[in-house]
Ligand code: GLN
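Numbering (the working numbering), first residue to last: 5 to 548.
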């Protein structure tokens with residue numbers, strides 16, 4: 005059995021270059037060439053995981069089946085590749101140090117002074133090795149942060165050492181860099197790339213391939229210059245031009261510039277020819293939509309572009325499945341409180357309320373849901389979005405005055421959403437929610453069962469609070485259908501309303517299981533209902 009090969013992806017010059025997307029695209033191309041790929045991200049921050057970080061700091065927390073709370077780049081990996089992702093796909097400095105310190109406390113270092121080199125770097129190398137296996141051809145490890153950051157140094161040192169252990173021929177270093185266009189000079193500038201590669205070389209890493217992000221085409225002259233100064237062959241200077249149209253163009257553009265072929269050649273991989281037919285078809289759909297609709301996402305962190313990353317992506321996938329171009333309106337829920345739903349939400353074909361924590365903006369979400377329910381606008385609630393739908397229904401349909409979640413009002417007379425006993429005992433914040441893939445059973449003939457086309461589903465959770473079963477009968481009597489529950493029937497997982505074009509809300513996070521080529525059934529159904537609404541409106545607006 006051939007040894008697992010390792011690809012390391014680093015980033016230089018600036019952050020936010022799209023390293024996650026580029027790494028995911030490389031993973032996708034290699035998988036499509038018949039290789040078995042595992043993806044991994046090493047994050048240089050000291051939090052043990054992003055679960056305790058504010059979305060303002062870190063964007064979305066991406067949850068895996070096994071319940072680990074991870075970096076949002078893992079979302080790109082899962083959307084673009086098919087290899088399994090588990091806990092060992094994301095390590096942080098915090099986790100690495102925690103493990104080293106625990107070993108020290110157990111006396112495992114036998115009296116030695118514990119140091120960054122070799123103890124921390126050994127731990128990092130072990131994390132990378134943990135993904136290599138007989139049934140894995142390539143491990144792609146993305147190093148978070150930017151070359152030159154103090155925090156990244158142990159990781160860079162570890163990947164430098166890695167090729168000594170694993171063999172140079174088994175490792176490939178890809179450096180993603182920025183080649184900015186200077187308007188005043190009217191040209192692309194290669195100096196930042198030279199400097200950033202210079203920093204890598206100083207610590208002993210000679211990148212094999214440079215992927216150059218740029219808003220303009222990188223000319224042969226520029227590539228030659230980069231090649232010469234950075235000590236790489238010309239064919240290994242790959243352009244990755246900004247894609248203003250669609251992120252789905254990224255893998256195709258990398259293919260056009262020969263990246264997959266180069267990787268296969270350099271690592272001596274035995275790979276199949278590449279087939280991107282379905283992906284090209286996807287892009288054709290992006291460029292030729294049959295419908296145009298708009299969806300409002302009403303959340304607390306709406307102004308932050310990454311806070312609901314997987315939700316926006318899942319809406320896009322559902323748009324593709326419905327041949328629709330979806331304009332997403334990011335609406336601050338507090339704005340809804342100030343301006344009223346009529347002003348902000350009229351004109352949208354669907355309203356989605358995503359997950360979240362904290363009281364700020366809750367009333368705006370409840371108002372938005374009432375608006376959707378009363379006006380027959382397709383509504384999709386996710387996690388906190390479901391909890392708000394329950395609060396709204398409790399207050400305005402069941403007539404439970406001041407119904408609330410006990411997360412936001414400890415003294416509410418009607419805690420329709422509350423903590424169950426096992427959560428009441430929890431005091432630590434990190435990794436203590438109800439997390440990861442959990443089964444649900446769907447009611448036959450419900451909207452949910454129709455869309456999933458099955459009665460048994462497995463979806464990812466990340467929450468503490470639950471529907472309060474004391475109110476189940478009362479809610480049912482007023483028309484709320486509990487169409488999905490945990491298999492023992494105790495936990496409410498899905499609620500829906502029947503006399504509405506689409507009103508469905510879930511306690512879990514379906515957005516973590518949607519792919520561009522396989523839209524999640526609930527998102528697909530929601531967007532389909534929005535398309536339907538838009539067509540009906542058009543029909544009723546056009547003269548008979
Ligand atoms: N704050 C709510 C809870 O903990 C919802 C969490 C979420 O939306 N992810 O139950």
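A virtual CB, placed ideally from N, CA and C, is assigned to each residue, including glycine.
Bear in mind the structure is a predicted one, so any value in this text is a computation, not a measurement.
Query                                                                                                                                                                                         : Result
Which whole-angstrom value describes the C-beta separation of residue 317 and residue 83, a residue pair presumed to lie in contact below a C-beta threshold of 8 angstroms?                  : 6 angstroms
Which runs of the alpha helix (DSSP H), 4 residues or longer, sit entirely within the region 50–103?                                                                                          : 59–62 and 77–84
From the DSSP output, which residues share a beta bridge with residue 43?                                                                                                                     : 144
Quick one: is the Cβ of residue 358 within less than 8 angstroms of any heavy atom of the ligand GLN?                                                                                         : yes
Count the other CB atoms within 10 Å of the CB of residue 386; is the residue buried (16 or more) or exposed (fewer)?                                                                         : buried
Can you find at least 3 beta carbon pairs, one from the region 89–105 and one from the region 115–133, that sit closer than 8 angstroms?                                                      : yes
Between which two residues does the alpha helix (DSSP H) carrying residue 371 extend?                                                                                                         : 366–379
Do residue 79 and the ligand GLN come close, with the Cβ less than 8 angstroms from some heavy atom?                                                                                          : no
For residue 509 and residue 282, I'd like the C-alpha separation in whole angstroms.                                                                                                          : 31 angstroms
Relative to the ligand GLN, is the shortest distance from any of its heavy atoms to the C-beta of residue 466 smaller than 8 angstroms?                                                       : yes
How many Å lie between residue 139 and residue 43 at the Cα?                                                                                                                                  : 14 angstroms
For the region 285–296 against the region 319–337, do three or more pairs of beta-carbon atoms, one drawn from each stretch, fall closer than 8 angstroms, so that the two count as touching? : yes
What whole-angstrom Cβ distance do residue 314 and residue 66 have, given they're in contact under 8 angstroms?                                                                               : 7 angstroms
Give me the Cα-Cα distance between residue 24 and residue 144, rounded to the nearest whole angstrom.                                                                                         : 11 angstroms
Please list, in chain order, all residues of the same chain as residue 518 whose beta carbon is under 8 angstroms from its beta carbon, the five residues on each side excluded.              : 83, 314, 317, 318, 321, 322, 524 and 527
I'd like the list of long-range same chain contacts for residue 5, defined as Cβ closer than 6 angstroms, with 5 residues on each side in sequence excluded.                                  : Unreliable placement is indicated for residue 5, whose pLDDT of 47 sits below 50; the coordinate value is still reported in the next sentence. Here the set comprises 138.
What's the gap between the Cα of residue 482 and the Cα of residue 368?                                                                                                                       : 23 angstroms
Indicate the three-state DSSP secondary structure (helix, strand or coil) for residue 471 in the structure shown.                                                                             : strand
How many Å lie between residue 299 and residue 129 at the Cα?                                                                                                                                 : 44 angstroms
Would you call the region 387–404 in contact with the region 339–351, where contact means no fewer than 3 C-beta pairs closer than 8 angstroms?                                               : no
Under the three-state reduction of DSSP, which class applies to residue 13: helix, strand or coil?                                                                                            : strand
What are the boundary residues of the alpha helix (DSSP H) that includes residue 26?                                                                                                          : 23–36
Going by beta-carbon coordinates alone, are residue 558 and residue 332 separated by less than 9 angstroms?                                                                                   : Since the first residue of the chain shown is 5 and the last is 548, residue 558 is not available in this structure.
What is the residue span of the alpha helix (DSSP H) that residue 20 lies within?                                                                                                             : Residue 20 -> no alpha helix (DSSP H), and no H or E assigned at all.
Quick check for students: name the residue ranges of the alpha helix (DSSP H) that lie wholly in the region 267–313, counting only runs of 4 or more.                                         : 281–291
Could you tell me the alpha carbon to alpha carbon distance between residue 412 and residue 172, rounded to whole angstroms?                                                                  : 56 angstroms
Helix, strand or coil for residue 212 per DSSP?                                                                                                                                               : coil
Can you have a look at residue 262 and say buried or exposed, based on whether 16 or more other CB atoms are within 10 angstroms of its CB?                                                   : exposed
Taking the alpha carbon of residue 226 as the point to measure from, which residue in 379, 182 and 435 has its own alpha carbon closest?                                                      : 182
Quick check: what's the CA-CA separation for residue 546 versus residue 538?                                                                                                                  : 12 angstroms
Could you tell me which residues DSSP pairs with residue 438 in its beta bridges?                                                                                                             : 467
Report the rounded CA-to-CA distance for residue 64 versus residue 381, giving the unit in angstroms.                                                                                         : 27 angstroms
Which partner residues does residue 509 have in the DSSP bridge list?                                                                                                                         : 385 and 499
Considering only residues of the same chain and omitting the five flanking positions on each side of residue 497, which have a CB-CB separation below 7 angstroms?                            : 444, 488, 489, 490, 510, 511 and 512
By how many angstroms is the C-alpha of residue 27 removed from the C-alpha of residue 146?                                                                                                   : 7 angstroms
For residue 228 and residue 154, what's the separation of their Cα atoms in angstroms?                                                                                                        : 31 angstroms
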